[in-house]
Amino acid sequence: MRQDTRMNAETGGISAVEAPSSAPAGGAGVTMRDLEHAYGDLRTIEQLTLAVEPHGVVGLVGPSGCGKSTLLELICGLSDPVAGTVEVGGAGESAQRLAGCAYMPQRDLLLPWYSALDNAALALRNQGSRRADARERAAALFERFGLAGFEATAPAELSGGMRQRVAFLRTLLSGKPVLALDEPFASLDAITRAEMQEWLAGALRADPRTVVLVTHDVEEALYLSDRVAVLSARPAQIVAELRAPEPRAPDRDAAVTDAAFVAVREEAMRALRGGSP
Amino acid sequence: MKRWLAPILLVVILIGAWQIAASTGAIASALSLESFLVPSPSEIASSLWENRSLLADNAWVTLREVILGFGCGLVAGVGFAVVLHFSETMRRATYPLLVASQAIPIVAIAPILIVLFGFGIWPKLVIVALICFFPITVNALDGLRSVDPAAIKLMRTLDASRWQTFRRVEAPTALPYAFSGAKIAVAVAVIGAVFAEWAGGSNSGLGVLIRVDNAQLETARLFAEVVVLSAIAIALFAALALAERCVVTWR
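Chains as they are written, first to last, in numbering that gives the first Met the number 0: chain G, 0 to 276; chain R, 0 to 250.
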């Protein structure tokens, strides 16, 4: 997997971003089986089994502090489960998972000493691209991401929505088949958040990746995902798995007010509140 | 310009008040001192001018000790902070010693340093460097340890090596902290150099002049030497502050 990413980066890569047809062959799925995790005596995840098919988008919703972020860290190979297995593209070692996943943290964590463009190009630089090459490849996507003209801007001078877009571009440009998004829009105001959801849905249509999306916003999860897993309070277990209604209107307002969508959302809310599904 | 007005005004008022109090003999009679022990600012200024070449020669000696000693302390302090940051074991093992070393009075070890390094510039460099080392190390290490753990995780999933994470995230985060430590260090470095000359049997430097003039009750020149020392400290501090503004552009 690491080999693939590397090759991609060297051969003028990020073909995945520019032309969806040549995305990493079929993408990589994520499989979690009987996953358990604990910090000392504090059990955070219990008997969790969940599969995300290649290029699938799965939303994880659950009460605050239920271990959603821990789950993303396990998937990304940043930590290892106490019991059970987690595999990315069929590989279970933490180093292999790390090579297959890109993590987008809750706060954008853009580096203030780099411009927007250099922040977006960070993964390419880490993978060994020369600065000029990395910047050129990142710059090619700035227009499509609505960031044209802000290449040299410092992160502190960008709006919240733009910062999230730079952060997402940075994640995308890593060329990883799996994206782990940790409440990517939680810090934004309601209007910007709705716009960003619409924008992200479009970005993923143009460039499909396997996505695990953690959020506490049921509507966001259902709008962006194929499937939504509702987690219980700690220790996290899956209490309901819901399929988002298909087909969804491309317009977000139309999609979220659709009768079928509202019905599934209510079902998810019931599961979240702890009523048996 | 406006923000300089208040400090300049204050200095002018203080010097003016001192001038009046000293020239009328008010301070001397209030403290029951001989009036030559209380030089007025104008006397200090004329002493500064009359002794300009003597002061300049000796100030250069002291300035060189301060800059070289500070440079050694900076390199050693930052280097040590990086080592402690990378090695948990080293940090646990040496941090208490580092703090304890600050409790050792330099006065006590100065004679040993002179035995070890002779009467040249070396014992002065060692004393200045020792004084600078602590604030620089502690501040730089605090800076390195203040990095957001989430940023480290992010860098790992973006394929960063340990070195790349250090260079692109940890080092820039620590930079403003290291500058704070350096600014504290450079101010005490001047005191360190004067003390080193004092204790180290030097025959040149502002520290030597101060000792001689103190003994000979050359009070106007004594104050002139203190003025030069202060000017050196302020200039070095300002140079560091300027360097910080040029390097740390994101603040």
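The beta-carbon is built from N, C-alpha and C at its ideal position, and this holds for glycine as well. Please read these numbers as outputs of a predicted model, since none were measured by experiment.
Asked, Found
"Starting from D125 (chain G), find everything on chain R with Cβ-Cβ shorter than 9 Å and list it in chain order.", "Correcting the residue type first, residue 125 (chain G) is Asn in the shown sequence and not Asp. Near N125 (chain G) (Cβ distances below 9 Å), the residues of chain R are M154, L157, D158, A159, S160, Q163, T164 and R167."
"Can you find a C-beta in chain G that's less than 8 Å from the C-beta of P171 (chain R)?", "yes"
"Closest to L241 (chain R) by C-alpha separation, out of R:S179, R:R220, R:S22 and R:L54, would be which residue?", "R:S179"
"Can you tell which of G:E245, G:A258 and G:P234 has the C-alpha that lies nearest to the C-alpha of G66 (chain G)?", "G:P234"
"From the beta carbon of A177 (chain R), is the nearest beta carbon of chain G less than 8 Å away?", "no"
"Is A239 (chain G) a contact residue of the ligand ZN, with contact defined as CB to any heavy atom under 7 Å?", "No copy of the ligand ZN appears in this structure; indeed no ligand is present at all."
"From I14 (chain R) to P40 (chain R), what distance separates their C-alpha atoms?", "7 Å"
"Check this for me: beta carbons of L157 (chain R) and A101 (chain G), under 8 Å apart or not?", "yes"
"Would you list, in sequence order, the uninterrupted beta strand (DSSP E) runs of no fewer than 3 residues that lie entirely inside the stretch 175 to 238 of chain R?", "none"
"When you compare each of G:A232, G:R130, G:L171 and G:H36 to L71 (chain G) by their alpha carbons, which one comes out closest?", "G:H36"
"In chain order, what residues of the same chain lie with their CB nearer than 8 Å to the CB of G160 (chain G), ignoring the 5 residues before and after it?", "L187, T191, E194 and M195"
"Looking at chain R, is there any beta carbon in it that lies within less than 8 Å of the beta carbon of S173 (chain G)?", "yes"
"What residues from chain G crowd round W197 (chain R), counting only those whose CB sits closer than 9 Å?", "Those within 9 Å of W197 (chain R) in chain G number zero; the least Cβ separation is about 43 Å."
"Which of the three DSSP states is assigned to R143 (chain G) in this structure?", "coil"
"Per DSSP, V137 (chain R) is paired with what?", "Answer is none; V137 (chain R) lacks a bridge partner."
"Using CA atoms only, rank isn't needed, just tell me which of R:G142, R:V114 and R:A109 is closest to A128 (chain R).", "R:A109"
"Name, please, each residue of chain G whose Cβ falls closer than 9 Å to the Cβ of A58 (chain R).", "Those do not exist, as A58 (chain R) stays about 37 Å from chain G at its closest Cβ, beyond 9 Å."
"Express the C-alpha separation of V146 (chain R) and W162 (chain R) in angstroms, rounding to a whole number.", "15 Å"
"Chain G beta carbons: is any one of them nearer than 8 Å to that of L239 (chain R)?", "no"
"For the stretch 159 to 192 of chain G, list the alpha helix (DSSP H) runs that are entirely contained and at least 4 residues long, ordered along the chain.", "159 to 172"
"Restricting to Cα atoms, I'd like to know which of R:S22, R:G24, R:V81 and R:W59 is closest to A166 (chain R).", "This sequence places Arg at residue 166 (chain R); Ala is not what is there. It is R:V81 whose Cα lies nearest to the Cα of R166 (chain R)."
"In the DSSP assignment, find the unbroken alpha helix (DSSP H) run with T156 (chain R) in it and report its ends.", "P148 to T156"
"In whole angstroms, give me the CA-to-CA distance for V211 (chain G) and P183 (chain G).", "11 Å"
"With distances taken from CA atoms, which of R:A150, R:F132, R:T172 and R:A29 is nearest G142 (chain R)?", "R:T172"
"By the three-class DSSP mapping on this structure, what secondary structure does D79 (chain G) have?", "coil"
"Based on DSSP bridge pairs, tell me the residues matched to L58 (chain G).", "The question names Leu, yet the displayed sequence has Gly at residue 58 (chain G). DSSP, once it has assigned bridges, lists G:L212 and G:V227 as partnering G58 (chain G)."
"When the cut-off is 8 Å and only beta carbons count, does Y102 (chain G) lie next to chain R?", "yes"
"How many angstroms separate the CA atom of E156 (chain G) from the CA atom of T170 (chain G)?", "20 Å"
"State the Cα-Cα distance for the pair V57 (chain G) and V87 (chain G), rounded to the nearest angstrom.", "14 Å"
"Here's the rule: buried if 16 or more other CB atoms are within 10 angstroms of the residue's CB, otherwise exposed. What is A24 (chain G)?", "Caution applies to A24 (chain G), whose pLDDT of 49 falls short of 50 and renders its modelled position unreliable; the value that the coordinates give is listed next. Under this definition A24 (chain G) is an exposed residue."
"For I103 (chain R), count neighbouring Cβ atoms within 10 angstroms of its own Cβ and tell me buried if that reaches 16, exposed if not.", "exposed"
"Taking Cβ-Cβ distances shorter than 8 Å, what residues in chain R pair up with L59 (chain G)?", "Residues of chain R passing the Cβ test: none, with the nearest at roughly 17 Å."
"Answer yes or no: does any C-beta atom of chain R fall closer than 8 Å to that of L121 (chain G)?", "yes"
"Have a look at G:L41, G:D33, G:E52 and G:S63 and flag the residue whose alpha-carbon is nearest the alpha-carbon of V229 (chain G).", "G:S63"
"Determine, for A149 (chain R), whether the minimum Cβ-Cβ distance to residues of chain G falls below 8 Å.", "yes"
"Express the C-alpha separation of L47 (chain R) and P224 (chain R) in angstroms, rounding to a whole number.", "Sequence inspection shows Glu at residue 224 (chain R); the Pro mentioned does not correspond to that position. Answer to the nearest angstrom: the Cα atoms are 8 Å apart."
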